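Residue numbers (the working numbering): 101 to 1021.
Please read the structure below before turning to the comments.
Put into structure tokens, the structure is as follows:
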């Protein structure tokens, strides 16, 4: 591994590490391409890391555009990169290309880039498909697909060129455009076309999924396929073989494209010069029923390269198995790299045949041995053929294509046997094969007997090949079943796991034997804008991997070499879901060229892990909030006790807020009586006179002297509060025993100016004391908070804003012309909602806390408050979460109202101005 600045050409035999950047690691395109890349690189002893760049929760078939910018992993530790399609944004791709790191592109336009680009033979595959449709007699051939995508546009251009090559007409109405490469959009297009009438008799689809959706839409509209519309797809996806009729398609050989990419990457790492544009140069046309063919599945290689010609002789019409084998076993054909043709050599140094050629050689020698000796091959020889067949990873329709070709060769061999003289010597390989075990002898003296032996051997060969082909399907079924078991185990483990268990990877299925690790993002100390990855859990790989737990790595050095499994592909999937981005999951997995489920599961694991971490963070936050609420409740209880104690020490003020109060203006001689005072005497407030005699005249004659003495003492300037018990006459003539307490307010000259008091019926004192505990913090009539409780809530809001990013708390100051009435306070509380808390700042001033609201919501609340209060001055102090303390906020609220009133000279100024932020005050 090396940095950009120290890269040097690599020598043969060096074990390197390469990163493959792809949107996702599964699917018939990305999965097969990745499998081909990994197969070649691992064969050279190199490590391969698949880096998924799209979020784990994104549907694997939807790639609307490049992902959001995120750091490129392994920048200084990988020896080269492969970038597939839209895995990187354009700016990041150009930056990587300019860095000098060995780079190869797959499915990416190379405009202005130095890196070589590899693509499948889109033109050759489309041309073969159009040629085949023309052979069926079609002259009006349409095209369905999304022409805004690179591969699809290239296939569309090839379609136009193929029509021109056949001198066929073209009409823009024959192009059926879709919004993407999926079934649903093509099905919708087919339904629209069916309602108007199709102008074509055949259609070429840009992708198999477009083709399947197009067929589905036509069939739902009553079309008979392929009689009324022949369809050919592109990609050779497994779903095409399951459609009805089965889909004819072009196989672009994605795994072989991936192998070509790997060969170029190794060459670039060694400092070799390679061209910029590379095309695979071959594809396969898979003919099924959807194009009109009725003889079953048949495959045909298109554009065989020079390497294939060097490895095997051109296909002989008398030997149809050669062509079929190179289609159904396309994933293991011997290929050439940029330096020449790869050759397999035996232990003696001699050249060894390629796997497909060896399979053909063994099969033909079994038949030839039976033709020469009249003996059916023994069971071990047939088992060996079955094993060889399974090792070649045949396609799902391999047997269907092999049997007709085998029948043709057997028929030719039988004709040859009948022409040959009896007793001919068997070939050396045929005798060797037949001598490996017990076998069934048939009379060898006649050509008929030898022909029968050939037919019997052909039947046994078909059975052996069928077993080999079935092995892959059975193995894939077993892997799918195991994947379901693993997914169930993972989901349950993530649901049950706690924070530590999630990070230790306790939820991984027991069957995962490779290396696995989890790294989460952390902010770098001293540089909040730069993030690093901390390894929080690891599994497998021995002590070297376990020692990584707790280590912090920059993104350019992640994943470290200890996490890379040389025996398998290493998958790095982002642990991201929705808006959350936790880090990366590193898992070592096996490469399979036929099914992508063993790689797709890692994407599922990463997505579910992100959800589990989100849930754990939410639970932790809720627990913290619960503790905060418990602390808040405890503080409220303590405040209640403090207020109660304060009320006991200042009984006049506390009882005056609940009992019958009166306000005597000594200078004018007028008294204001509260409704509660009027209720004590059994009258209506309107029926009471506004002079002190209304009270003093109702005092019982026996108590009148004491009351007058107490009042006179107050008017004489005593500083002690008035506190006197007496009997008071009610409207019905009855007397009640009351306790009257009052304080006198003096003017600047020390003269009595006002006397404020409260009247309480002595029989209700204990009731008031019990009510005091419940009503001391919040006024039951108006809902206005006690100042102590309001200050505490404001302090909590300030602390919460410092702790929770994005949290907002706003304060409004409301100035009125007169003290607010209870209905006015109710109206104000109604427009503020549950988030608003009211507190009296002065007799005519209020302060409002809007807790947990945004700037816009606070502005709207200020407007509504101004409307609810009528002639009111409303000042929005802005977000106060940055205030030093609550008392400073209250002080500034009073200052803001004073300034506003000074500017308005006492006039009402409706709220409309831009609110100042708290920090600006």
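For each residue, glycine too, the CB sits at the ideal point set by N, CA and C.
Only a predicted model underlies this, so the values are computations on that prediction, with no experimental measurement involved.
Where does residue 926 sit, in a helix, a strand or coil, going by DSSP?
Position 826 of the chain shown, counted from the start, is the residue given in the question as residue 926. Here residue 926 sits in helix by DSSP.
Report the start-end ranges of each beta strand (DSSP E) in the region 665-739 that is 3 residues or longer and not cut off at the edges.
As far as the region 665-739 is concerned, its whole beta strand (DSSP E) runs of at least 3 residues are 669-677 and 680-689.
Whose C-beta lies closer than 6 Å to the C-beta of residue 761 among residues of the same chain, with five residues either side of it excluded?
Taking the first residue of the chain shown as 1, we reach residue 761 at position 661. The answer, listed in chain order, is 774 and 858.
Can you grab the Cα-Cα spacing for the pair residue 186 / residue 249, in whole Å?
For this step, residue 186 is matched to residue 86 along the chain shown. For this step, residue 249 is matched to residue 149 along the chain shown. Straight-line Cα distance between these residues: approximately 11 Å.
Going by DSSP, which residues form a beta bridge with residue 825?
Reading the chain shown from its first residue, position 725 is the one you call residue 825. Residue 825 is bridged to 839.
Candidates 963, 956, 945 and 151, of which the one nearest residue 993 by Cα
Residue numbering aside, residue 993 sits at position 893 when the chain shown is read from its first letter. It is 945 whose Cα lies nearest to the Cα of residue 993.
Taking the beta strand (DSSP E) that residue 152 falls in, what are its first and last residues?
Mapped onto the chain shown, residue 152 falls at position 52. Counting along the chain, the beta strand (DSSP E) containing residue 152 begins and ends at 147-152.
Considering only the beta carbon of each residue, do residue 889 and residue 739 sit closer than 9 Å?
Indexing the chain shown from 1 puts residue 889 at position 789. Indexing the chain shown from 1 puts residue 739 at position 639. A contact, by the Cβ cut-off of 9 Å.
Under 8 Å by Cβ, that's how I've got residue 605 and residue 618 pegged, so tell me the actual separation to the nearest angstrom.
Working through the chain shown from its first residue, we reach residue 605 at position 505. Working through the chain shown from its first residue, we reach residue 618 at position 518. Indeed, because the Cβ distance is near 6 Å, the residues count as touching under 8 Å.
Would residue 759 count as contacting chain B if we go by Cβ distances under 9 Å?
The structure shown contains no chain B, having only a single protein chain.
Whole angstroms are fine: how far does the CA of residue 270 sit from the CA of residue 260?
Taking the chain shown and counting its residues from 1, the one referred to as residue 260 is at position 160. Taking the chain shown and counting its residues from 1, the one referred to as residue 270 is at position 170. Going by the C-alpha atoms only, they are around 8 Å apart.
Run of the alpha helix (DSSP H) containing residue 767, from where it starts to where it stops:
Counted from its first residue, the chain shown places residue 767 at position 667. Counting along the chain, residue 767 falls outside any alpha helix (DSSP H), and DSSP gives it neither H nor E.
Residue 634 versus residue 603: straight-line alpha-carbon distance, rounded:
Within the chain shown, the letter at position 534 stands for residue 634. Within the chain shown, the letter at position 503 stands for residue 603. Whole-angstrom Cα-Cα distance: 11 Å.
Out of 213, 217 and 212, which has the shortest C-alpha to C-alpha gap to residue 204?
Here residue 204 corresponds to residue number 104 of the chain shown, with the count starting at 1. If we check each option's Cα against that of residue 204, 217 comes out closest.
Using beta-carbon positions only, say whether residue 308 and residue 335 come within less than 9 Å of one another.
As a working note, residue 308 is residue 208 in the chain shown. As a working note, residue 335 is residue 235 in the chain shown. Against a cut-off of 9 Å, the Cβ pair of residue 335 and residue 308 comes out as a contact.
May I ask you to report which of helix, strand or coil DSSP gives residue 879?
Counting from 1 along the chain shown, the entry for residue 879 is found at position 779. Reduced to three states, the DSSP call for residue 879 is coil.
Would you mind listing the alpha helix (DSSP H) stretches within the region 556-633 that are 4+ residues and don't spill past its ends, in chain order?
599-604
Less than 8 Å between C-beta atoms, sequence neighbours within five positions excluded: which residues of the same chain meet that for residue 750?
Taking the chain shown and counting its residues from 1, one reaches residue 750 at position 650. In this prediction, residue 750 has a pLDDT of 46, which is less than 50 and means its spatial position is unreliable; what the coordinates show is noted afterwards. Closer than 8 Å at Cβ, skipping near neighbours: no residue.
Beta-carbon spacing of residue 898, residue 989 below 9 Å
Here residue 898 refers to the residue found at position 798 when the chain shown is read from its first residue. Here residue 989 refers to the residue found at position 889 when the chain shown is read from its first residue. It is a contact, given that the beta carbons lie within the stated cut-off.
Of the residues 561, 642 and 637, which one's Cα is nearest the Cα of residue 652?
As a working note, residue 652 is residue 552 in the chain shown. That would be 637, whose Cα lies nearest to the Cα of residue 652.
Taking 9 Å as the threshold (C-beta atoms), are residue 557 and residue 421 in contact?
Walking along the chain shown from the start, residue 421 turns up at place 321. Walking along the chain shown from the start, residue 557 turns up at place 457. Not in contact: residue 421 and residue 557 (Cβ atoms no closer than 9 Å).
Do residue 289 and residue 317 come within 9 Å of each other at the CB atom, strictly closer than that value?
For this step, residue 317 is matched to residue 217 along the chain shown. For this step, residue 289 is matched to residue 189 along the chain shown. It is a contact, given that the beta carbons lie within the stated cut-off.
Whole angstroms is fine: what's the gap from residue 172's alpha carbon to residue 673's?
Here residue 172 corresponds to residue number 72 of the chain shown, with the count starting at 1. Here residue 673 corresponds to residue number 573 of the chain shown, with the count starting at 1. One C-alpha to the other measures close to 13 Å.
Rounded distance between the beta-carbons of residue 553 and residue 427, thought under 8 Å
For the purposes of this step, residue 427 is taken as the residue at position 327 of the chain shown. For the purposes of this step, residue 553 is taken as the residue at position 453 of the chain shown. Rounded, the Cβ-Cβ distance is 29 Å, inconsistent with contact.
For residue 684, the nearest candidate out of 703, 668 and 338 (CA to CA):
Locating residue 684 in the chain shown gives position 584, where the first residue counts as 1. With distances taken between Cα atoms, residue 684 lies closest to 703.
Can you look up residue 814 in the DSSP assignment and give me helix, strand or coil?
Start at 1 with the first residue of the chain shown, and residue 814 comes out as number 714. Looking at residue 814 - three-state DSSP - the assignment turns out to be helix.
Spatially closest choice to residue 237 from 328, 292, 224 and 192, by CA coordinates:
In the chain shown, counting from the first residue as 1, residue 237 sits at position 137. When only C-alpha atoms are compared, the closest one is 328.
Per the contact definition of three or more C-beta pairs closer than 8 Å, is the region 839-857 in contact with the region 805-819?
yes
Could you tell me which residues DSSP puts in a beta bridge with residue 976?
Walking along the chain shown from the start, residue 976 turns up at place 876. Per DSSP, 912.
Cβ pair residue 149, residue 124 closer than 9 Å:
Position 49 of the chain shown holds residue 149. Position 24 of the chain shown holds residue 124. No, these two residues do not count as a Cβ contact at 9 Å.
Exposed or buried, what is residue 486 when buried is set at 16 or more other beta-carbons lying within 10 Å of its beta-carbon?
Taking the chain shown and counting its residues from 1, the one referred to as residue 486 is at position 386. Per the 10 Å Cβ criterion, buried.
Using a Cβ-Cβ cutoff of less than 7 Å, which residues in the same chain neighbour residue 680 once the five nearest sequence positions on both sides are dropped?
As a position in the chain shown, residue 680 is number 580, starting the count at 1. 710 and 714, listed in sequence order.
Helix, strand or coil at residue 852 according to DSSP, with G and I counted as helix:
Counting from 1 along the chain shown, the entry for residue 852 is found at position 752. Here DSSP, grouped into helix, strand and coil, assigns residue 852 to strand.
Name the residue from 244, 129 and 138 whose alpha carbon lies nearest to the alpha carbon of residue 219.
Working through the chain shown from its first residue, we reach residue 219 at position 119. With distances taken between Cα atoms, residue 219 lies closest to 129.
Using DSSP with H/G/I as helix, E/B as strand and the rest coil, what is residue 939?
Walking along the chain shown from the start, residue 939 turns up at place 839. Strand.
Buried or exposed by the 16-neighbour rule on C-beta atoms within 10 Å, applied to residue 759:
As a first step, residue 759 is located in the chain shown; it is residue number 659 there, counting from the start. Under this definition residue 759 is a buried residue.
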